[in-house]
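To start, the structure itself, in structure tokens.
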Amino acid sequence: MLRNPCESKEKSLNQQIMNEAFFDKKDYKSLDRVDGRLKVTGAARYSAEYQLPGLVYAVLVESKIAKGTIKSIDSRAAERAPGVLAVISHVNAIKVPGYQTSNQHPSEPPVNGQPLRAFYDNNVYYNGQPIVAVVASTLEKAQFGASLVKIQYEKEQHKTDFDANMDNAVLPAQAKKNPKSPVADYNRGDKNAFVNAPVKIDAEYVLPTEVHNPMELQAITAYWEADDRLTLYDKVQGTQPTQQHFAKEWNLPPENVKVIATFVGGAFGNGLHNWPHETAAIIAAKQVKKPVKLVLTREQMFTMVGYRPYTWQKIQMGATKDGKLVAINHESVGQTSSYEEFTESTLQQTRMMYASPNVNTRYRILKLDVSTPIWMRGPGEATGAFALESAMDEMAFSLGMDPIEFRLMNYTDSDPDKQLPWSTKYLKECYDAGKEKIGWDKRKMQPGSVRSGEWLVGYGMGTGTFGANRGAAAVRAQLDADGNLLMQCAITDIGPGTGTAMVQIASNTTGISTDKIIFQLGNSQFPKAGNQGGSSTVNSVGPAVQAACNALKEQLKTMIASKGGSNAAFASAKKEDIVFVNGQVQIAGNDSAKVDIRTLFKQNNIQKMETTQESRPDENRNKYSMYAFSMHFAEVHVHPLTGQVCVKKVVCCGDAGTIISPKTAANQMIGGATGGIGMALTESAVIDHRFGRYVTKDFAEYHVPVHADVPHIEVFFVNKPDTLADPVGSKGLGEIAIIGVAPAIANAIFNATGKRIRELPITPDKLI
Amino acid sequence: MIQFQYVRTSTPKAAVDAVSKTQNARFIAGGTNLVDLMKRNIMTPEKLVDINNIPLKGIEQQGNKIVIGALALNSQVADSKLVQEKLPLLSQSLNAGASAQIRNMATVGGNMMQRTRCNYFYDTAMPCNKREPGLGCGALEGFNRMHAIFGTSEKCIAVHPSDMCIALVALDATVVAAGPKGERRIPFAEFHRLPGDTPEKDNNLMENELITAIEIPDNAFTRNVHYLKIRDRASYAFAVISVAAALHIENNTIKDARLAMGGVSHKPWRLSEAEKALIGKPASEKTFRNAAEIAMQGAKAYKHNAFKLKLGPNTIVQALKNAAEPV
Amino acid sequence: MGDNHYSDQPENESFAESRRNFLKNTSLLTAIAVTPGVVAKAAENDLGEKIASAFDKVPLKMEINGVKQQLSVEPRVTLLDLLREQLNLTGTKKGCDYGQCGACTVHVNGQRVLSCLSLAVMHEGQKITTIEGLTKGDQLHPMQEAFIKHDGFQCGYCTPGQIMSAIACIREGHAENEADIREFMSGNICRCGAYPNIVDAITEVKNNGQKL
């Protein structure tokens, strides 16, 4: 009955079985998500779902001009509306003590400028800026009150049009100060090598503004438990970075600020920063002396919590006729706000991915009257990969080479940028296996050669890479007499399945079955952790879990050995051999070495054994270049008359070290591919520059992929440990899951149609 | 949302009376569009008259026409065996619209009454003559990728968003409405309006009139039909362009044809001249291309929607091809 | 395109709002607006509340997850906000509030609908089932089990809506093949992108043939 372009009656592969089979021989098995039951029953509580006594509601009113000053705010009608408790703006907001100084986020990149301050003064920096908060006894009354607020402005000429203002792009201040900054101009080899290259590509690429748009609206419930004690249920990616931020902002000792983010309904980067709406809720809670809940609207998600910046890129690529890269010049201009310099690593992979002797990169930012961007999944690397991997495809086509052959021809076994060996790199394995799984042999060099009925069929590929980052983290581990293990860490889980992976690491380290291990997270009062971001969680928190588990073993070993006798074997046992089975401590391979934990604890007169261990990156980071890699293949069908694109199949391979949690890891790769489909085909936040205001700002206008856009996605992993990167051998995969997907699809569309689309998204109008 | 008075009624007369008593009162059925617009302060009725208890949900054959009650749900109509058998084009168009949940809420009458999705209409910070006559049309010189190419005016270039209505205009439906002065029938093609100087009026329903039913005459378009919707993602998006195509083919000759377009005008756009060009011709790509060219006569593009001048005819051709050779 | 200002644009924040006088629109508010400003501020909110409760709340009976509820709500309260903010049934999620994401999907008399686009008062006498109403004691619904088994979610925020929608999708007969599932589940957005796993979960429950 339906005639969806992607309709297919054929039964596709069963994802899970395939992934299971791949992991059969490995240490880590697929485990159902440890918080799955809470999520499927609706019992998982997100930031707006804590019903505190006396809770009231705040709704934000935003600016409707792009630049200028507020002349007046008429709040009389709102104040008189039933149930309204306060109408708060710069006119009457209490002073935020930290606003007297800088409120730079402790975990922020070295941005320059002043983050936007809530209700601070009468300046309007962009359209959609929070100006007023209306607080009322119910949500409906707060919403109605907000609709009554009248704001008069003194307007000034604004600039929001990237293309019209691109000439004003500047070198970021951090690069001016520090020529070694990652965003400073970069040169390797001969600056002018491109000019004389035998085969050349010279092309410009545009990525529109994209918005994270997690399903959960940004929400905060702020509660002053005392004048100097603040509790926040906040949708953030880091509880402790948020704690530090607001402790500083409110001039409080950090221990007086508690941040809870047990469940985070997606974030993709927009929770890596603390935003004015959070401060607005805290101010409101202080002023009305009640807990305040503030949830952004979907439109406000476009202007108050960051986005992936509109980015223009230009690539000049030169090669010899037999396919050796001679030169890559890669330029990028990304937009930022007028008050803050946001930068990202758009050009990093161009410096290290291929063995080009001559590379120049040039990164600029363009200040516009818009809000500040923030990293969005894959961040700059995903943007950069669209240009670089498209250009690689263009060059391969010019050379008459297979795109994989061309990449292999320019493969590099060490990092040409840092001039260090890779810790690990198994990209060739990815190419080999991926080729087979996508059916690369069906691809024809000449575009438009393959058809399925009326539809043009194309195959494309893209490579991704992202730094195998690692930070310091600590984990508290507590073993009880029944052999249950409780662990705690302040890290958040925005969706990848952190708790599940950590339980698996603990189980793998101790032998305790996964159902007897609990990993608690999302609370600033737990041991140290930074943000969940930059694909660094497993690599940072995982080693701390391992360290805490090993420390418990050492404690047990000492306790057992101190008793002498038959337990002497424990004194010399290696920690790897000590395992916990059914409430007993055992030495693997030694049947007589068994100690009952309950008895041991009784003998030593303890209820529990506890330790907190911190793990930090080591000196290997200076000796090796550490990156995770990925490979994405896409098969697309394009309708020649209507321009409809159907992504028929995606194959993704991750080189991300040891895969701790196969099931959630595969899901994360699928999610990255889905994000890449959106980036390639559907997503774009458009501003009407006459008003400096977004015109596509809800899910009806800003199109994220739906079920019907996404085919079965085949995921596989190299799954070889990288113990140089961290002791658990893992490299993150949240970013590499999306980096390289959009160019794989764009390249497949070229292969299908012969149309090279360099401005995303590739909507039907661009293909007819 | 503003406070409003809420009443429930169970007969068309009571509903019409209730809505006539108050200025700025509205009927509410599924609410899928009205509640959305009220949340955004685009529509601010002081009174809502809930008509869901009125028994207008039937779908039945009455003589030589199928009569669908105005409160029949979109999903109910799409899944109706009678509709699937005798009006497959209508079923297809309904399933192309919105989502399963919305189709479970939205009624046939409400679907006809839905407002445009123009970005400027939808944002009270933007100018829009439809929302507030006299403010100017934001789309005319603005982001008008989704906008109309037929029947526009300087006042408004918005498009009608429904899929169902595109099929209904093709199928020569009639709207039955009850008002303070009794019942009347409006040919579907005359129900919705072009914007002209009064873009605030979407249709020709009179004040306080209630749609009670849609009547669709029996036809021969039971096999060779296709509703083709081109959108910016595979599902759950408004049409960039859509085409309702219905053919009656005998011995590869087109005996009768119906053709209408969505996403191109302020009203469901019937392509009568193109239909004439199809009748009596062989069902071939050449015939279809010729009809598509005729269909596009008079089209006028704006800055961001010029692609519709090409996508439009291509979609017509493809819809006709799909109709001629159903899967 | 340059940054030219739109010539007709007044200095006011909004074209429409400057002309629209909400106070005129509601008699209730008119009553408050004419209250002399000298009335003590503290008393004003109470007065507002009293008027609101006297005029604006409507009695409402409905059955939610098998429990009969007698409520009194403002007509403007959506079913979603009633569930989340007044009844503490926060399993039903708000993802957009405009009927564009499906996170708020619940069953009304067994049919899947969007609770965000539905005024609570329109459900007088109806049976509402939310995600909290699926489990029988400790026993998960087969669809909940399948979502866990196939890992049909990541952050979990769209999950209740996906599950409510998935059950209805099978009941409606729209889960006959994967293409149908994808089409008829497209009203439920998952930004984490767990779609293929969700399709697997639904396919399995469908193939098991249990009555849902």
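Protein chains in written order, with this note's numbering: chain A, 1 to 768; chain B, 1001 to 1327; chain C, 2001 to 2212. C-beta atoms are modelled at their ideal positions from N, C-alpha and C, and glycine is treated no differently.
Give the DSSP-derived three-state secondary structure of residue i in the structure shown.
i	result
glutamine 2154 of chain C	coil
alanine 21 of chain A	A caution first: alanine 21 of chain A carries a pLDDT of 36, below 50, which makes its placement in the model unreliable, though a value can still be read off. If DSSP states are grouped into helix, strand and coil, alanine 21 of chain A belongs with the helices.
valine 1016 of chain B	helix
cysteine 1128 of chain B	coil
threonine 412 of chain A	coil
isoleucine 260 of chain A	strand
aspartate 618 of chain A	coil
leucine 2 of chain A	Bear in mind that a pLDDT of 42 at leucine 2 of chain A, under 50, signals an unreliable position, so the number given afterwards is only what the model happens to contain. Here leucine 2 of chain A sits in coil by DSSP.
tyrosine 310 of chain A	coil
glycine 98 of chain A	helix
valine 1007 of chain B	strand
lysine 1321 of chain B	helix
Might you give, ordered along the chain, the residues of its own chain that have their beta carbon closer than 6 Å to the beta carbon of residue i, omitting 5 neighbours on each side?
i	result
aspartate 413 of chain A	none
glutamine 243 of chain A	Pro254, Val257, Val259, Ser524
glycine 378 of chain A	Glu735, Ile738, Ile739
Excluding the 5 residues preceding and the 5 following residue i in the sequence, name in chain order all residues of the same chain whose CB lies nearer than 7 Å to its CB.
i	result
leucine 552 of chain A	Ala477, Leu479, Met609, Thr611
alanine 588 of chain A	Asp577, Val579
aspartate 2200 of chain C	His2150
serine 181 of chain A	Gln174, Ala175
alanine 2103 of chain C	Lys2093, Lys2094, Gly2095, Tyr2157, Cys2158, Gly2161
Just to confirm the assignment, what range does the beta strand (DSSP E) spanning residue i have?
i	result
alanine 473 of chain A	473-480
histidine 1147 of chain B	Segment: none, histidine 1147 of chain B is in no beta strand (DSSP E) and carries neither H nor E.
threonine 1212 of chain B	1210-1217
proline 130 of chain A	130-136
Would you tell me roughly how many angstroms separate the C-alpha atoms of residue i and residue j, rounded to the nearest one?
i	j	result
alanine 424 of chain A	valine 718 of chain A	Rather than alanine, the amino acid found at residue 424 of chain A in this sequence is threonine. Going from the Cα of threonine 424 of chain A to the Cα of valine 718 of chain A covers about 11 Å.
methionine 1146 of chain B	histidine 2141 of chain C	42 Å
cysteine 1165 of chain B	asparagine 1208 of chain B	21 Å
valine 2034 of chain C	alanine 81 of chain A	Unreliable placement is indicated for valine 2034 of chain C, whose pLDDT of 34 sits below 50; the coordinate value is still reported in the next sentence. Spanning the two alpha carbons is a distance of roughly 12 Å.
tyrosine 1122 of chain B	isoleucine 1042 of chain B	7 Å
alanine 1096 of chain B	alanine 193 of chain A	54 Å
glutamate 1135 of chain B	proline 1045 of chain B	Note that residue 1135 of chain B corresponds to leucine in the displayed sequence, not to glutamate. For leucine 1135 of chain B and proline 1045 of chain B, the distance between alpha carbons rounds to 20 Å.
glycine 113 of chain A	lysine 1308 of chain B	44 Å
arginine 1040 of chain B	leucine 388 of chain A	42 Å
phenylalanine 750 of chain A	isoleucine 757 of chain A	8 Å
glutamine 1061 of chain B	asparagine 1052 of chain B	22 Å
alanine 748 of chain A	valine 305 of chain A	33 Å
asparagine 1290 of chain B	alanine 1324 of chain B	15 Å
glycine 1063 of chain B	histidine 632 of chain A	59 Å
Using a Cβ-Cβ cutoff of less than 8 Å, which residues in the same chain neighbour residue i once the five nearest sequence positions on both sides are dropped?
i	result
glycine 448 of chain A	Leu456, Ala752, Thr753, Gly754
glutamate 454 of chain A	His639, Pro640, Leu641
asparagine 1104 of chain B	Leu1073, Asn1074, Ser1075
glutamate 225 of chain A	Thr231
Over what stretch of residues does the alpha helix (DSSP H) that includes residue i continue unbroken?
i	result
alanine 665 of chain A	662-677
leucine 774 of chain A	Outside the modelled stretch of chain A, which goes from 1 to 768, sits residue 774 of chain A, for which no answer is possible.
threonine 465 of chain A	It is not in any alpha helix (DSSP H) - threonine 465 of chain A instead sits in the beta strand (DSSP E) that spans 455-467.
valine 579 of chain A	Unbroken run through valine 579 of chain A is the beta strand (DSSP E), 578-581; no alpha helix (DSSP H).
When you measure from the CB of residue i to every non-hydrogen atom of the ligand NAP, does any distance come out below 7 Å?
i	result
aspartate 2097 of chain C	The ligand NAP is not part of the structure shown, which contains no ligands of any sort.
field: Sufficient close CB pairs (3 or more, under 8 Å) joining the segment 384-400 of chain A to the segment 363-371 of chain A
entry: no
task: Evaluate contact between the segment 697-704 of chain A and the segment 2099-2115 of chain C, counting only Cβ atoms and requiring at least three cross-stretch pairs below 8 Å.
output: yes
query: Is the segment 1117-1131 of chain B in contact with the segment 686-697 of chain A, if contact means three or more CB pairs nearer than 8 Å?
result: yes
message: Would you call the segment 494-507 of chain A in contact with the segment 534-552 of chain A, where contact means no fewer than 3 C-beta pairs closer than 8 Å?
response: yes
Any 3 or more C-beta pairs closer than 8 Å across the segment 2120-2139 of chain C and the segment 1015-1025 of chain B: no
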